[in-house]
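Scroll down for the structure; my scribbles are underneath it.
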Amino acid sequence: MATLTAMKKKLLFALAALSVLALMALLRHYQIDIDTLREWIAQAEAWRAERILAFALGFFAAYIVVTALSLPLAFGMTLAAGALFGFWGGLVLASFASTIGATLAFLAARYFLRDWVRARLGDRARSVETGLARDGAFYLFTLRLIPVVPFFAVNLLMGVTPIRTLNFYLVSQAGMLAGTAVYVNAGTQLARLDSLSGIASPTLLVSFALLGLFPWIARMILNAIKRRKVYARWTQPAKFDRNLIVIGGGAAGLVSSYIAAATRAKVTLVEAHRMGGDCLNYGCVPSKALIKSAKVAHQMRHADHYGLEPGVPKFSFARVMERIHGVIAEIAPHDSVERYTSLGVEVLQGHARLIDPWTVEIAQEGSETRRLTTRAIIIATGAEPFVPPLPGLEDVGYLTSNTLWDALRDRRSPPKRLVVLGGGPIGSELAQSFARLGSQVTQIEMAPRIMIREDEEVSALVQASLTRDGVQVLTGHKALACGVTDSAKWIEVEHDAQKSRIEFDDLIAAVGRAPRLQGFGLEELGIPVNRVVETNEYLETLYPNILAAGDVAGPYQFTHTAGHQAWFAAVNALFGGIKRFKVDYRVIPWATFTDPEVARVGLSEAEAREKGIPFEVTRYSMDDLDRAIADGTTEGFVKVLTVPGRDRILGVTLVGAHAGDLIAEFVLAMKHGLGLGKILGTIHIYPTLAEANKYAAGEWRRAHVNPRLLALVERFHRWRRG
Ligand SMILES: Cc1cc2nc3c(=O)[nH]c(=O)nc-3n(C[C@H](O)[C@H](O)[C@H](O)COP(=O)(O)OP(=O)(O)OC[C@H]3O[C@@H](n4cnc5c(N)ncnc54)[C@H](O)[C@@H]3O)c2cc1C
Numbered sequence: 210m211a212t213l214t215a216m217k218k219k220l221l222f223a224l225a226a227l228s229v230l231a232l233m234a235l236l237r238h239y240q241i242d243i244d245t246l247r248e249w250i251a252q253a254e255a256w257r258a259e260r261i262l263a264f265a266l267g268f269f270a271a272y273i274v275v276t277a278l279s280l281p282l283a284f285g286m287t288l289a290a291g292a293l294f295g296f297w298g299g300l301v302l303a304s305f306a307s308t309i310g311a312t313l314a315f316l317a318a319r320y321f322l323r324d325w326v327r328a329r330l331g332d333r334a335r336s337v338e339t340g341l342a343r344d345g346a347f348y349l350f351t352l353r354l355i356p357v358v359p360f361f362a363v364n365l366l367m368g369v370t371p372i373r374t375l376n377f378y379l380v381s382q383a384g385m386l387a388g389t390a391v392y393v394n395a396g397t398q399l400a401r402l403d404s405l406s407g408i409a410s411p412t413l414l415v416s417f418a419l420l421g422l423f424p425w426i427a428r429m430i431l432n433a434i435k436r437r438k439v440y441a442r443w444t445q446p447a448k449f450d451r452n453l454i455v456i457g458g459g460a461a462g463l464v465s466s467y468i469a470a471a472t473r474a475k476v477t478l479v480e481a482h483r484m485g486g487d488c489l490n491y492g493c494v495p496s497k498a499l500i501k502s503a504k505v506a507h508q509m510r511h512a513d514h515y516g517l518e519p520g521v522p523k524f525s526f527a528r529v530m531e532r533i534h535g536v537i538a539e540i541a542p543h544d545s546v547e548r549y550t551s552l553g554v555e556v557l558q559g560h561a562r563l564i565d566p567w568t569v570e571i572a573q574e575g576s577e578t579r580r581l582t583t584r585a586i587i588i589a590t591g592a593e594p595f596v597p598p599l600p601g602l603e604d605v606g607y608l609t610s611n612t613l614w615d616a617l618r619d620r621r622s623p624p625k626r627l628v629v630l631g632g633g634p635i636g637s638e639l640a641q642s643f644a645r646l647g648s649q650v651t652q653i654e655m656a657p658r659i660m661i662r663e664d665e666e667v668s669a670l671v672q673a674s675l676t677r678d679g680v681q682v683l684t685g686h687k688a689l690a691c692g693v694t695d696s697a698k699w700i701e702v703e704h705d706a707q708k709s710r711i712e713f714d715d716l717i718a719a720v721g722r723a724p725r726l727q728g729f730g731l732e733e734l735g736i737p738v739n740r741v742v743e744t745n746e747y748l749e750t751l752y753p754n755i756l757a758a759g760d761v762a763g764p765y766q767f768t769h770t771a772g773h774q775a776w777f778a779a780v781n782a783l784f785g786g787i788k789r790f791k792v793d794y795r796v797i798p799w800a801t802f803t804d805p806e807v808a809r810v811g812l813s814e815a816e817a818r819e820k821g822i823p824f825e826v827t828r829y830s831m832d833d834l835d836r837a838i839a840d841g842t843t844e845g846f847v848k849v850l851t852v853p854g855r856d857r858i859l860g861v862t863l864v865g866a867h868a869g870d871l872i873a874e875f876v877l878a879m880k881h882g883l884g885l886g887k888i889l890g891t892i893h894i895y896p897t898l899a900e901a902n903k904y905a906a907g908e909w910r911r912a913h914v915n916p917r918l919l920a921l922v923e924r925f926h927r928w929r930r931g
């Protein structure tokens, strides 16, 4: 049914386009010069004298048709309107008729072209549409003021944007008024003119272009007034101690301060606890070190898969934890005070607090509290584990990703019975690792499936893998309370209105991470927060000289996105007065390091459906890949979403060994607009896991071979055989 409507639409569009083109071709034979126009007007004056009202209505309708069909007659008709109806009469007629005609052309473009354009733009359509929804009327007004931009082009262009029809109508009428008035007026003087070219003189067009600048200048002035208002209650220092102060020494803070130092700015980085932030000390680094030990233990248990004698791994858990801390210590110099000092950053260890938009107070242990003034500030305070308000949780005690690495450091064996609260990436990685190291793990998730951001088949595959490793995965289970009975700790859960209790020795709360928003002056400065610090597309907060990046700013919570935002925050903080850059979220990859790993970039199937973006799916299964077979890692797949009929990539989900590494090729392709054809045409080393990407591209190609062409080639071969 839908395809039938699409077909009808295409047919209708082709008919309409052909008719307009035919009309245009016809009109090309008529050279409308001033004499022809005068002749037509003289003839029309006779009709006008007979029945003025009918004539005016007919003229009005004809004008609407001309503008709706984008026929190149509007200029002549506007002059005629002046000549036939005088300035005011002509202006009213031409202004309303041209706007109604423009709106009809706009509606036609919306009907015929909008879906098509959206499908072509794919996920990019969303960011373009958000920008246009906000500023579309403003751009339209500017375009209407400058008559050098063809009238019909503006109508068609705006038709494919999300601007509302009424807004389009009103802004067009207002924006075209000046231009219409000039031409109608010229029409009233037609008898005295020598030629038509004089009307649209270069001087006039330049004047209009200058008029088009007017709304931009007005906007700049308004912005400046708004800025002044925000800062009105504060007194700006006459001089600043620093160009930039960065609060927080995690990924976002480190990258921001590094960029500032690299551009020779005077920059101070303040870190309250450990340099490197959560990623180094409690997050990515220790969790990946734990995953590696757990994987080795798993492989020892299943050594028979590789023709070796399997065995139960013997180990002291304390040694595993020691290795994890060793890994942190080995990486720590990359993020250390010494390294950043050598790069030109002043690093202060202490708690920072905003005093006013240009002053930061730093409370350093063992020394006096200092106050520094600065032109700009970047808030990079990160996030911390969210602890659910479960009755009894505080009493039974719990671990989080921030505490577990130190709390379990000296244990000789892993937790015997472990509850992991949360089925997101962090909960799933930890649940699998502890299970592989011998813990009896129960993972509790309230949602109907784990890893809810990914497609259902991905959740199912990861859940099956966790279950095989011994994790009891309880989805659709709501945690109600915790307690201790006869010195046994328990957690009560509800599933299908049934309550049950699970006993445990340790519990890890991994239900999400909440940005650090309190205790450093956001409230006092009135900087709005809505779960994250509110920022605009330049990462500026309410005060344009205070910016935010990383987990505290959202919308993502990854080290690489924190670093990515940091570049924009630093450049905008230091050079925003000259040029600001909008943070670019078009191609954001991420991975969950379960076994198999799950990596994604762009749209998932569920997201594409939710957003109504048309797509095709191409799959390639890892069990077909030579290297995966040799390695015994055949679980997983490459799933690529593309624009229907084209090889442009909308999104990729990769499940399998090293998926987090393999996705990089697709990230590059999406970032630089390379289609699957380019991946297929690239040599990949045999035998590698990376070949999966090329084979996925090959699957796409096979599905898009033109059968007629193939039949033709077959005939060619037959003919060659004689
Ligand atoms: C278990 C776990 C595993 C993870 N795995 C991955 C992964 O594999 N890949 C990935 O990309 N991401 C991963 N993450 C997420 C990653 O750790 C975060 O996205 C990243 O650390 C965010 O960096 P950030 O700079 O925004 O904040 P943070 O790293 O949290 O740094 C913020 C810093 O600000 C300091 N601070 C706060 N307030 C003040 C103040 N007032 N004054 C001075 N200093 C202050 C804090 O002490 C902290 O050091 C993981 C997280 C966890 C918990």
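Just so we're aligned: the sequence shown equals residues 210 to 931 in our numbering. Each residue gets a CB set at the ideal place from its N, CA and C atoms; glycine is no exception. In this text, all values refer to a predicted model and were calculated from it rather than measured experimentally.
- Cβ-Cβ separation, Y747 to R789 (assumed contact under 8 Å), whole Å: The residue given as residue 789 occupies position 580 in the sequence shown. The residue given as residue 747 occupies position 538 in the sequence shown. Indeed, because the Cβ distance is near 5 Å, the residues count as touching under 8 Å.
- Query: If you measure from the CB of A771, is any heavy atom of ligand 1 nearer than 7 Å?
  - Reply: As a first step, residue 771 must be located in the sequence shown, where it is residue number 562. Checking every heavy atom of ligand 1 against the Cβ of A771, one is found closer than 7 Å.
- Task: Could you tell me how far apart the beta carbons of F875 and V810 are, in whole angstroms, since I believe they sit closer than 8 Å?
- Result: Within the sequence shown, residue 875 is the residue found at index 666, counting from 1. Within the sequence shown, residue 810 is the residue found at index 601, counting from 1. 6 Å between Cβ atoms; contact.
- Query: Should G575 go down as buried or exposed, given a rule of 16 or more other Cβ atoms within 10 Å for buried?
  - Reply: Residue 575 sits at position 366 when you count from the first residue of the sequence shown. The residue in question, G575, is exposed, as its Cβ has fewer than 16 Cβ neighbours within 10 Å.
- Ignore the nearest five residues each way along the sequence and tell me which others in S465's own chain have a CB closer than 7 Å to its CB. To locate residue 465, count along the sequence shown from 1; it is residue 256. Excluding residues within five positions, the ones whose Cβ falls inside 7 Å are V455, I587, A589, A758, A775, A778, A779.
- Task: Take the Cβ of M210 as the centre, count every other Cβ of all protein chains shown within 10 Å, and call the residue buried at 16 or more, exposed below.
- Result: By 1-based counting over the sequence shown, the position of residue 210 is 1. At M210 the pLDDT is 49, less than 50, meaning the model places this residue with poor confidence; the figure from the coordinates comes in the next sentence. Result: exposed.
- Message: Would M511 and P522 qualify as a contact pair, given that the criterion is a beta-carbon distance under 8 Å?
- Response: Position 302 of the sequence shown, counting from 1, holds the residue named residue 511. Position 313 of the sequence shown, counting from 1, holds the residue named residue 522. According to the sequence shown, residue 511 is His rather than Met. Contact: no.
- When DSSP builds the beta bridges, which residues end up paired with T568? Along the sequence shown, read from residue 1 onward, the residue named residue 568 stands at position 359. Its beta-bridge partners are D565, T582.
- Query: Can the beta-carbon of P624 be found less than 8 Å from the beta-carbon of D715?
  - Reply: Within the sequence shown, the letter at position 415 stands for residue 624. Within the sequence shown, the letter at position 506 stands for residue 715. Closer than 8 Å, so yes.
- Taking C-alpha atoms, which residue in D565, F222, V275, G345 lies nearest to A441? On the sequence shown, residue 441 is found 232 positions in, with the first residue counted as 1. Of the listed residues, the one whose Cα sits closest to A441 is D565.
- Task: Confirm the yes/no value for this check: CB of G882, any heavy atom of ligand 1, distance under 7 Å.
- Result: The count along the sequence shown starts at 1 and reaches residue 882 at position 673. No, the beta carbon of G882 sits no closer than 7 Å to any heavy atom of ligand 1.
- Message: Can you tell me which residues form a DSSP beta bridge with E480?
- Response: In the sequence shown, counting from the first residue as 1, residue 480 sits at position 271. In DSSP, E480 forms a bridge with Q558.
- Expected contact under 8 Å - CB spacing of P495 and I537 to nearest Å: In the sequence shown, counting from the first residue as 1, residue 495 sits at position 286. In the sequence shown, counting from the first residue as 1, residue 537 sits at position 328. Going by Cβ atoms, the distance from P495 to I537 rounds to 6 Å, so yes, they are a contact pair.
- Message: Under DSSP, the alpha helix (DSSP H) around E593 begins and ends at which residues?
- Response: On the sequence shown, residue 593 is found 384 positions in, with the first residue counted as 1. No alpha helix (DSSP H) contains E593, which is instead part of the beta strand (DSSP E) from 592-594.
- Message: Any heavy atom of ligand 1 inside 7 Å of the beta-carbon of S511?
- Response: Taking the sequence shown and counting its residues from 1, the one referred to as residue 511 is at position 302. A small fix is needed here, since residue 511 is His in this sequence, not Ser. Result no, Cβ not under 7 Å from ligand 1.
- Item | Whether E593 touches R740 by CB criterion (8 Å) | Taking the sequence shown and counting its residues from 1, one reaches residue 593 at position 384. Taking the sequence shown and counting its residues from 1, one reaches residue 740 at position 531. No.
- Query: For R473, which of helix, strand or coil comes out of DSSP?
  - Reply: As a working note, residue 473 is residue 264 in the sequence shown. Reduced to three states, the DSSP call for R473 is coil.
- Task: Give the C-beta separation of T897 and R836 to the nearest angstrom, bearing in mind that I take them to be a contact with Cβ-Cβ under 8 Å.
- Result: Indexing the sequence shown from 1 puts residue 897 at position 688. Indexing the sequence shown from 1 puts residue 836 at position 627. The pair is a contact, with the Cβ atoms about 6 Å apart (cut-off 8 Å).
- Task: Consult DSSP for M210 and reduce its assignment to one of helix, strand or coil.
- Result: The sequence position of residue 210 within the sequence shown is 1, counting from 1. Low per-residue confidence applies at M210: pLDDT is 49, beneath 50, and the placement is therefore not dependable, though the value from the model is reported in the following sentence. Three-state result, M210: coil.
- Around the C-beta of R857, are 16 or more other C-beta atoms found within 10 angstroms, so that it is buried, or is it exposed? The residue labelled residue 857 in the question sits at position 648 within the sequence shown. Its Cβ being crowded by 16 or more others within 10 Å, R857 is buried.
- Message: Report the CB separation of G368 from L322 in whole angstroms; it is logged as a contact under 8 Å.
- Response: Here residue 368 corresponds to residue number 159 of the sequence shown, with the count starting at 1. Here residue 322 corresponds to residue number 113 of the sequence shown, with the count starting at 1. With a Cβ gap of about 6 Å, G368 and L322 count as contacting.
- Item | Cβ neighbours of R584 in the same chain (closer than 6 Å, five flanking residues each side left out) | Position 375 of the sequence shown, counted from the start, is the residue given in the question as residue 584. So the qualifying residues of the chain are F449, N452.
- Can you give, in chain order, each stretch of the beta strand (DSSP E) that sits fully within the stretch 590-658 and has at least 3 residues? 592-594, 626-630, 649-653
- Mapping DSSP to helix, strand and coil, what is Y936? The shown model of the chain, from 210 to 931, leaves out residue 936, and the question about it has no answer.
- Message: Let me make sure I understand the geometry here. Which of A800, D760, P753 has the alpha-carbon closest to that of A786?
- Response: Counting from 1 along the sequence shown, the entry for residue 786 is found at position 577. In the sequence as displayed, the identity of residue 786 is Gly instead of Ala. The shortest C-alpha separation from G786 is found at P753.
- Task: With hydrogens ignored, establish whether the beta-carbon of H482 is closer than 7 Å to any heavy atom of ligand 1.
- Result: Start at 1 with the first residue of the sequence shown, and residue 482 comes out as number 273. Indeed, a heavy atom of ligand 1 lies less than 7 Å from the Cβ.
- If you follow the beta strand (DSSP E) that E701 is part of, which residue opens it and which one closes it? Here residue 701 refers to the residue found at position 492 of the sequence shown. Start and end: 697-704.
- Item | For V363, the three-state DSSP class (helix, strand or coil) | The residue labelled residue 363 in the question sits at position 154 within the sequence shown. Residue state, collapsed to three classes: helix.
- Return yes when the Cβ of L726 is within less than 8 Å of the Cβ of A688, no when it is not. Residue numbering aside, residue 688 sits at position 479 when the sequence shown is read from its first letter. Residue numbering aside, residue 726 sits at position 517 when the sequence shown is read from its first letter. No, they are not a contact pair.
- Task: Along the alpha helix (DSSP H) that carries Q508, what are the first and last residues, could you check?
- Result: Stepping through the sequence shown from its first residue, residue 508 is reached at position 299. Taken as a continuous stretch (DSSP letters only), the alpha helix (DSSP H) holding Q508 covers 493-510.
- Have a look at the DSSP bridge pairing and note the partners of F729. Taking the sequence shown and counting its residues from 1, one reaches residue 729 at position 520. Answer by DSSP bridge pairing: none, since F729 is not bridged.
- Is any heavy atom of ligand 1 found at a distance shorter than 7 Å from the C-beta of A461? Here residue 461 is taken as the residue at index 252 of the sequence shown, counted from 1. Indeed, a heavy atom of ligand 1 lies less than 7 Å from the Cβ.
- Query: How should M233 be labelled, buried or exposed, when 16 other C-beta atoms within 10 angstroms of its C-beta is the threshold for buried?
  - Reply: If you number the sequence shown from 1, residue 233 lands on position 24. Classification of M233: exposed, given that the 10 Å Cβ count is below 16.
- Task: Could you tell me whether any non-hydrogen atom of ligand 1 is closer than 7 Å to the CB of S610?
- Result: The sequence position of residue 610 within the sequence shown is 401, counting from 1. Correct: S610 has its Cβ closer than 7 Å to ligand 1.
- Item | Buried versus exposed, by CB contacts within 10 Å (16 or more), V569 | Numbered from its first residue, the sequence shown carries residue 569 at position 360. V569 is buried by the Cβ-count criterion.
- Measure from the alpha carbon of T843 to the alpha carbon of each residue in D833, T851, A270, V852, then state which is nearest. Translated into positions along the sequence shown, residue 843 becomes position 634. Measuring from the Cα of T843, the nearest candidate turns out to be D833.
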